[in-house]
Amino acid sequence: MTSMDWFLMALQGLIVIFFIFLGVRAGGIGLGLWGGVGTLILVFLFGLEPGEPPVSAMLIIIAVISAAAAMQAAGGIDYMVQIASSALRARPKALNFVAPYVSYLLTILTGTGNTFFSIIPVINEVAYANKIRPERALAGSSVASALGITSSPVAAATATLLPLVEVYGYDLIDVLLITIPASIIGILPMAFIMARHGKDLDDDVEYQRRLASGEVSPPAPPAEIVLSPFAKRSVAIFLLGVAAICVFGLFEGLRPTVEAEGGGVEPMSITPLIQMFMLSAAALILLLCHVKANDVASSPIFRSGMVAMIALFGIAWMADTFIANNEDAIVELLGGIAENFPFMIAVAIFAVAALTTSQSAATRTMVPLGLALGIGAGYMIAMWTAVVGVLFLPANGTQIAAAEADTTGTTTLGKRVVDHSFQLPLQVCWIATALAGIVIAWLFFGDPAPAAPVTTTPVP
Amino acid sequence: MRSGWLVAAGIAAGLVVLLGVVALIGGDDDRGETVSAQEWADNVCGTVLVWRGEMESIVDGVRSAGGSGTSGSESGAESPQGESGSVRTGLEQALLATETMVEGVSRAGIPDTPNGQDAADGLSGWADGAVDEIERAQDALGEETDSTSDELEQLADGVGTIVEVYASGGQAVADASVEDPELLTALAQSATCENLKEEASS
Numbered sequence: 001m002t003s004m005d006w007f008l009m010a011l012q013g014l015i016v017i018f019f020i021f022l023g024v025r026a027g028g029i030g031l032g033l034w035g036g037v038g039t040l041i042l043v044f045l046f047g048l049e050p051g052e053p054p055v056s057a058m059l060i061i062i063a064v065i066s067a068a069a070a071m072q073a074a075g076g077i078d079y080m081v082q083i084a085s086s087a088l089r090a091r092p093k094a095l096n097f098v099a100p101y102v103s104y105l106l107t108i109l110t111g112t113g114n115t116f117f118s119i120i121p122v123i124n125e126v127a128y129a130n131k132i133r134p135e136r137a138l139a140g141s142s143v144a145s146a147l148g149i150t151s152s153p154v155a156a157a158t159a160t161l162l163p164l165v166e167v168y169g170y171d172l173i174d175v176l177l178i179t180i181p182a183s184i185i186g187i188l189p190m191a192f193i194m195a196r197h198g199k200d201l202d203d204d205v206e207y208q209r210r211l212a213s214g215e216v217s218p219p220a221p222p223a224e225i226v227l228s229p230f231a232k233r234s235v236a237i238f239l240l241g242v243a244a245i246c247v248f249g250l251f252e253g254l255r256p257t258v259e260a261e262g263g264g265v266e267p268m269s270i271t272p273l274i275q276m277f278m279l280s281a282a283a284l285i286l287l288l289c290h291v292k293a294n295d296v297a298s299s300p301i302f303r304s305g306m307v308a309m310i311a312l313f314g315i316a317w318m319a320d321t322f323i324a325n326n327e328d329a330i331v332e333l334l335g336g337i338a339e340n341f342p343f344m345i346a347v348a349i350f351a352v353a354a355l356t357t358s359q360s361a362a363t364r365t366m367v368p369l370g371l372a373l374g375i376g377a378g379y380m381i382a383m384w385t386a387v388v389g390v391l392f393l394p395a396n397g398t399q400i401a402a403a404e405a406d407t408t409g410t411t412t413l414g415k416r417v418v419d420h421s422f423q424l425p426l427q428v429c430w431i432a433t434a435l436a437g438i439v440i441a442w443l444f445f446g447d448p449a450p451a452a453p454v455t456t457t458p459v460p
Numbered sequence: 461m462r463s464g465w466l467v468a469a470g471i472a473a474g475l476v477v478l479l480g481v482v483a484l485i486g487g488d489d490d491r492g493e494t495v496s497a498q499e500w501a502d503n504v505c506g507t508v509l510v511w512r513g514e515m516e517s518i519v520d521g522v523r524s525a526g527g528s529g530t531s532g533s534e535s536g537a538e539s540p541q542g543e544s545g546s547v548r549t550g551l552e553q554a555l556l557a558t559e560t561m562v563e564g565v566s567r568a569g570i571p572d573t574p575n576g577q578d579a580a581d582g583l584s585g586w587a588d589g590a591v592d593e594i595e596r597a598q599d600a601l602g603e604e605t606d607s608t609s610d611e612l613e614q615l616a617d618g619v620g621t622i623v624e625v626y627a628s629g630g631q632a633v634a635d636a637s638v639e640d641p642e643l644l645t646a647l648a649q650s651a652t653c654e655n656l657k658e659e660a661s662s
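Chains as they are written, first to last, in my numbering: chain X, 1 to 460; chain R, 461 to 662.
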């Protein structure tokens, strides 16, 4: 690449950041609208080919939000809030620890962070009903959910990693034996810090402003919530839908088969199954819980979900347009840094994931480099968890949906692009997880790859 | 405010610890140094195996993109332009993967056997040649063509280069060691090299 190419790429990157900046300042669908303008400029001014809008993620949001909104219209969210509040009665703040681990588990079982959309409203409502700053539970859970990808046997990123480390004798079980304990350890300090992060709702200026202006109603004490007659039934249907997704996510053999690209058949992807199960759950709630379709569309969850979808549409489209046209240069740049300074490999994995917003791309490009640099495969697996860096910029669907769901205004996408609510838990979590993974790889797996040289005599 | 600074300092300290730990565990660079034949065999076979895995996925990607274009789909690869995009991307990815492999082969050092230097040079020569081949194919793909048939020929050459370079990977390690019985023994005793042999013959 010439200097001019690098200059143009930097300029395009600055434009992307500028429009994310404008979008987060505008808030709500503003994020999507400014993302659309950014895409327009990248295509018309710089001649870039338009990237792919995140159609799958958008459709999943529609399906999941339809089910969650139907459950809310049937009073199911109130019931879940009551149950969760009752379970957490002695220690409501335990939500800050429980929610991230539940989100993490959900991703492990389904192999996609998109299932986290289904519990965002529940976490938010439970936190608010217990007067817990929703940001604490929501931001930590978003990060834990993204981290779950590296612990999932059915995730695409894991499938990308596996052939690379199998060469060095690490199979799927070995990978999970490193990533799962490391992640469980890594989530803990994150949840601990998040449980103390930010002001309590009573002292939060933005929340108090919203409360005073009537934008948000004061939290109803869980004990005083009057349940609708079909609340429990709607929760049962919703949870059945989620359980079905988990079962079909984990056991590929149960899925219907489709024609494979290279001939033969293969199990259907989990993405359309999530959409089918969630839409079906929503339909069953309408049918069996006597909910009117119009009530679903006018529920707060539906509104915030649709706003999140539009926001994701524009911002992710702009990001993909930039990335699709510059991915190789980004990888070359960061790969070059790691090649010259191998100790930077974990940071390079994080940075590639952040700049390409793709865990699979970061895996595909940076793990082979780390292995070629002579870093043990066990250690590379530990550092691979840094692909959670996809949350570095506020352009991910779960981040946008979480910020939109939190009506108290504590969960934000920031004012200066990187100062969003998810940054603190992200930084704590990825560093702690990578360190824990390295220790696990060292203690229990050793380093079977490059042994110490027998002789190190320089060749004349 | 104070706790905010404390957390920031904690994160910075954690990052420094992580960098320090990675510096301790990582980066085994034996470039230009002699190493045991066994270590050399393990390292180069591992590097070439990882590279083969990457190339296999690139070849699959290019082939499936070539056949998955659907009419009316803007992003489909049915047209020469669409297929050109997927071949170009494939070549870029192949170049990146091969450059990584070259780095791995260089870092593996020189086996401490009578013909170790020749074996290391032979393998490096093949790896560098693979990079040159891919770069040549990239340049050819960038040239203007007079007709669609010329463009299709260019594409076929591009795909052919990726496949040829990929196919040569398994044999290259064996060829480099053929005149060195000690190295051949090391290759035979290396589980990674056995894997490579099986992969290459399948």
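Just so you know, even glycine gets a beta-carbon here, dropped at the ideal spot from N, CA and C. As the structure is a computational prediction, the values presented were derived from the model and not from experiment.
Cα-Cα separation, residue i to residue j
| i | j | result |
| --- | --- | --- |
| X:Ile431 | X:Asp202 | 32 Å |
| X:Val167 | R:Glu654 | 11 Å |
| R:Val482 | X:Ala434 | 10 Å |
| X:Val388 | X:Glu404 | 21 Å |
| X:Gly446 | X:Gly378 | 7 Å |
| X:Leu8 | X:Ala348 | 22 Å |
| R:Asn575 | X:Arg364 | 35 Å |
| X:Pro153 | X:Ile187 | 19 Å |
| X:Ala452 | X:Pro163 | Reliability fails at X:Ala452, whose pLDDT of 39 lies under 50, so the model's placement of it is uncertain and the value that follows must be treated cautiously. Near 25 Å, if we compare the C-alpha coordinates of X:Pro163 and X:Ala452. |
| X:Met278 | X:Met268 | 16 Å |
| X:Ile77 | X:Pro221 | 14 Å |
| X:Thr2 | X:Glu52 | 27 Å |
| X:Ala324 | X:Ile330 | 10 Å |
| X:Ala316 | X:Gly111 | 20 Å |
| R:Ala600 | X:Gly198 | 58 Å |
| X:Gly370 | X:Thr39 | 33 Å |
| X:Val428 | X:Ser183 | 12 Å |
| X:Val307 | X:Ile345 | 37 Å |
| R:Ala497 | X:Leu373 | 19 Å |
| R:Ala537 | R:Gly550 | A caution first: R:Ala537 carries a pLDDT of 42, below 50, which makes its placement in the model too unreliable to give a value. |
| R:Trp465 | X:Gly32 | 33 Å |
| R:Ala557 | X:Pro368 | 8 Å |
Span of the alpha helix (DSSP H), counted from its first residue to its last, around residue i
| i | result |
| --- | --- |
| X:Glu259 | Not the alpha helix (DSSP H): X:Glu259 falls in the beta strand (DSSP E), residues Thr257 to Glu259. |
| X:Met380 | Ala377 to Trp384 |
| X:Arg25 | Ser3 to Ala26 |
| X:Lys232 | Ala231 to Leu250 |
| X:Phe322 | Pro300 to Asn340 |
| X:Asp174 | Leu172 to Ala195 |
| X:Ser142 | Pro134 to Leu147 |
| X:Met278 | Ile270 to Leu288 |
| R:Pro641 | Pro641 to Gln649 |
| X:Ile61 | Val55 to Ala73 |
| X:Met80 | Gly76 to Ala87 |
| X:Ile120 | Ile120 to Ala129 |
| X:Asn114 | Run containing X:Asn114: none; DSSP gives neither H nor E here. |
Range covered by the beta strand (DSSP E) that runs through residue i
| i | result |
| --- | --- |
| X:Val265 | Val265 to Pro267 |
Other residues of its chain near residue i: CB distance less than 6 Å, five sequence neighbours each side excluded
| i | result |
| --- | --- |
| X:Pro425 | Ala139, Gly140, Val143, Met190 and Met194 |
| X:Ala156 | Ser360 |
| X:Thr160 | Ser360, Thr363 and Arg364 |
| R:Ser661 | none |
| X:Arg255 | Phe248, Pro267 and Met268 |
| X:Met309 | Met58 and Ile61 |
| X:Asp320 | Gly51 and Glu52 |
Sequence-distant residues of the same chain with beta carbon closer than 7 Å to residue i, five excluded per side
| i | result |
| --- | --- |
| X:Ala74 | Ser228, Phe230, Ala231, Ser234, Ile285, Cys289 and Val291 |
| X:Tyr128 | Pro134, Pro219 and Thr408 |
| X:Val16 | Gly38, Met318, Ala319 and Phe322 |
Beta-carbon contacts of residue i that lie in its chain and below 8 Å, excluding the five residues immediately before and after
| i | result |
| --- | --- |
| X:Val454 | Because the pLDDT at X:Val454 is just 37, under 50, the model does not fix this residue reliably, and the point stays unresolved. |
| X:Ala260 | Glu266 |
| R:Glu595 | Leu555 |
Would you check if the stretch 199-217 of chain X and the stretch 39-51 of chain X touch, i.e. whether three or more CB-CB distances between them fall below 8 Å?
Inter-segment contact for the stretch 39-51 of chain X and the stretch 199-217 of chain X is absent: fewer than three beta-carbon pairs are separated by less than 8 Å.
Between the stretch 64-78 of chain X and the stretch 295-305 of chain X, are three or more C-beta pairs nearer than 8 Å?
Because the criterion of three Cβ pairs below 8 Å is met, the stretch 64-78 of chain X and the stretch 295-305 of chain X touch.
Would the stretch 233-248 of chain X and the stretch 90-102 of chain X be scored as touching if the rule is three or more Cβ pairs under 8 Å?
No, the stretch 233-248 of chain X does not touch the stretch 90-102 of chain X.
Inter-stretch contact (C-beta, 8 Å, three-pair minimum) for the stretch 410-429 of chain X and the stretch 77-94 of chain X:
Too few Cβ pairs lie closer than 8 Å, so no.
Any contact between the stretch 582-595 of chain R and the stretch 515-525 of chain R? By contact I mean 3 or more CB pairs, one from each, below 8 Å.
Touching, no, given that fewer than three Cβ pairs across the two stretches are closer than 8 Å.
Any chance you could list the beta strand (DSSP E) runs of at least 3 consecutive residues sitting entirely within the stretch 357-434 of chain X, in chain order?
List check, beta strand (DSSP E) in window: nothing returned.
With contact counted as at least three CB pairs below 8 Å, one residue from each stretch, are the stretch 554-571 of chain R and the stretch 498-505 of chain R in contact?
Yes, the stretch 554-571 of chain R is in contact with the stretch 498-505 of chain R.
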